[in-house]
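Take a look at the structure below.
In the working numbering, the protein residues as written are 48 to 601.
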């Protein structure tokens, strides 16, 4: 038999023992479920859910993890911060770490273990703090990161040594011993197994630890020492009904004698192992026992017995497959039943939530319609106010335009009156000059005076013609443009506006100079001065700029 398998035999015995209590657990689960339904407070309900999850973990760890997650979320979301709930949450996070590790999700397991440790440390819950660190070590152990595993087990032991119970300490010591055994550091492994036996003196634990110690010697080929340890265990178990333990130690004895090539003694112990395994109908122990018996008989050249033992081994191996399959089907059936019950409860809860959501939606729709109606009424009133305001502004703008147009007409009339008065003044002056010339006796003086009068009249005629031409071009400019200039550019002088009107009428600089009877450089100078007043660059067109501004205002 493989040496490394020896250490597993104790664990296999424990597994068988747990499965023997399967029916009891199922009955207890049903009882806890009933108690959860009747629970009147979260403190009772969540505590019962924790118990339920711990029991369900033997059947389906995934379901157990769901329940642990529900507990943790309930405590967190409802803001429970009393010591009772904080301790419950710390235990739940530790349990989530264990189930995640068993389900193979090691990263999540480490995350939960760290959360459990931090919370437990903050509330001085040393038992869970130690277990959480030990759980981290177990994760690293499973991933064969043995140095990290040892470090965490030792950290856990520092905390667990202060605890009032030795249960957590024994688990960490046992795990630490298993790591050293895996590293083939058997002295260290035995040291920790012995400490476990000293701390927990319950008979089954002492026997288990001594068996582990014996297996370390067997792995070192020191089977004579291993045999003595197994013999001591058998003496302790004498006259007891601990048949699985008795069968397991006889199997270990047979394996050691097999290695020592003492086939007679090996046969005696393997037959005893089979005898006691049959008493408890432990198919797993029987499988390993018949496998070992087939090898012993073969080495002892009892080939017929070896063949029969091998056939029996095959039978138990097949039965274990069927048994495991049946057990798994049973577990799956129970898990399916539990999930269905949970699903029905979830459906009922969802229906209740749906009704609440429906009422809320109806209320929200009514509220939305009311708000929409109020909004449209207010908006319609606002639009009426804005429309009335726009009409008023339009009337004021039209009135302003009319006033400006009237003002322009008034100015034009004033110009006409002034021009007429100037004409009358020229006429009177001319008549006066003629009367004066008539009085001249000297013909030469009279001729000179007449020529001077003629020149003055010609100059006045030219001036009036120029003024008439300017008025002609100014009249071509639209009244709106004139109003725009008056309203937006009050700093412009009449001469500036006159120049702009002529430019607006389409006259070039040379044409403007002729109309105004001035030089071209003077017109350019006036244009330059006008650009400065309008803040325009030398390459920008004055009329284009004013038209764009006027259009944008319209």
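Built from N, CA and C at the ideal position, the CB exists for glycine as well.
Distance between residue j and residue i (C-alpha atoms, nearest Å)
i: residue 280; j: residue 257; result: 7 Å
i: residue 238; j: residue 255; result: 14 Å
i: residue 571; j: residue 481; result: 42 Å
i: residue 589; j: residue 424; result: 49 Å
i: residue 415; j: residue 422; result: 10 Å
i: residue 73; j: residue 105; result: 10 Å
i: residue 509; j: residue 563; result: With a pLDDT of 49 at residue 509, under the threshold of 50, the modelled position of this residue cannot be trusted, and the question is left open.
i: residue 178; j: residue 207; result: 8 Å
i: residue 418; j: residue 435; result: 26 Å
i: residue 56; j: residue 169; result: Unreliable placement is indicated for residue 56, whose pLDDT of 42 sits below 50; the coordinate value is still reported in the next sentence. Approximately 40 Å, taken between the alpha carbons.
i: residue 337; j: residue 356; result: 5 Å
i: residue 271; j: residue 114; result: 50 Å
i: residue 349; j: residue 363; result: 21 Å
i: residue 479; j: residue 489; result: 18 Å
i: residue 465; j: residue 567; result: Its pLDDT being 45, under 50, residue 465 is placed unreliably in this model, and the coordinates cannot settle the point.
i: residue 412; j: residue 596; result: 50 Å
i: residue 125; j: residue 182; result: 28 Å
i: residue 39; j: residue 164; result: No answer is possible for residue 39: the residues shown for the chain start at 48 and end at 601.
i: residue 527; j: residue 444; result: 12 Å
i: residue 585; j: residue 532; result: 21 Å
i: residue 431; j: residue 420; result: 17 Å
i: residue 227; j: residue 185; result: 13 Å
Start-to-end residues for the alpha helix (DSSP H) that takes in residue i
i: residue 585; result: First-last for residue 585: undefined, no H or E at that position.
i: residue 344; result: 330-346
i: residue 553; result: Residue 553 -> no alpha helix (DSSP H), and no H or E assigned at all.
i: residue 296; result: 290-306
i: residue 278; result: 270-284
i: residue 185; result: 173-189
i: residue 569; result: 567-581
i: residue 318; result: 310-326
i: residue 155; result: 153-169
i: residue 112; result: 108-124
i: residue 210; result: No alpha helix (DSSP H) holds residue 210; DSSP gives it neither H nor E.
i: residue 134; result: 130-149
i: residue 88; result: Here residue 88 belongs to no alpha helix (DSSP H), and DSSP marks it neither H nor E.
i: residue 246; result: 233-246
i: residue 535; result: 526-535
i: residue 104; result: That residue, residue 104, is in no alpha helix (DSSP H); it is neither H nor E in DSSP.
i: residue 604; result: It is not possible to answer for residue 604, since the shown part of the chain is limited to 48 through 601.
Buried or exposed by the 16-neighbour rule on C-beta atoms within 10 Å, applied to residue i
i: residue 146; result: buried
i: residue 397; result: exposed
i: residue 329; result: buried
i: residue 534; result: exposed
i: residue 197; result: buried
i: residue 587; result: exposed
i: residue 426; result: exposed
i: residue 187; result: buried
i: residue 93; result: buried
i: residue 274; result: buried
i: residue 598; result: exposed
i: residue 247; result: buried
i: residue 512; result: Because residue 512 sits at a pLDDT of 46, beneath the cut-off of 50, its placement in the model cannot be relied upon, and the following sentence gives the value as read from the coordinates. Exposed is the call here.
i: residue 354; result: exposed
i: residue 529; result: buried
i: residue 217; result: buried
i: residue 582; result: exposed
i: residue 340; result: buried
i: residue 223; result: buried
Test: residue i CB closer than 8 Å to a CB of chain D
i: residue 255; result: No chain D is part of this structure, which consists of one protein chain only.
Distance CB(residue i)-CB(residue j) smaller than 8 Å
i: residue 180; j: residue 203; result: yes
i: residue 332; j: residue 298; result: yes
i: residue 96; j: residue 110; result: no
i: residue 153; j: residue 190; result: yes
i: residue 118; j: residue 102; result: no
i: residue 137; j: residue 166; result: yes
i: residue 549; j: residue 577; result: no
i: residue 173; j: residue 209; result: yes
i: residue 135; j: residue 162; result: no
i: residue 142; j: residue 86; result: no
i: residue 249; j: residue 301; result: no
i: residue 193; j: residue 229; result: yes
i: residue 347; j: residue 303; result: no
Contact test: residue i Cβ vs the ligand SAH heavy atom, cutoff 7 Å
i: residue 478; result: Summarising the ligand content, the structure contains no ligands, and the ligand SAH is consequently not present.
* To do: Tell me, please, whether the segment 317-334 touches the segment 291-308 by the rule of three or more beta-carbon pairs shorter than 8 Å.
  => yes
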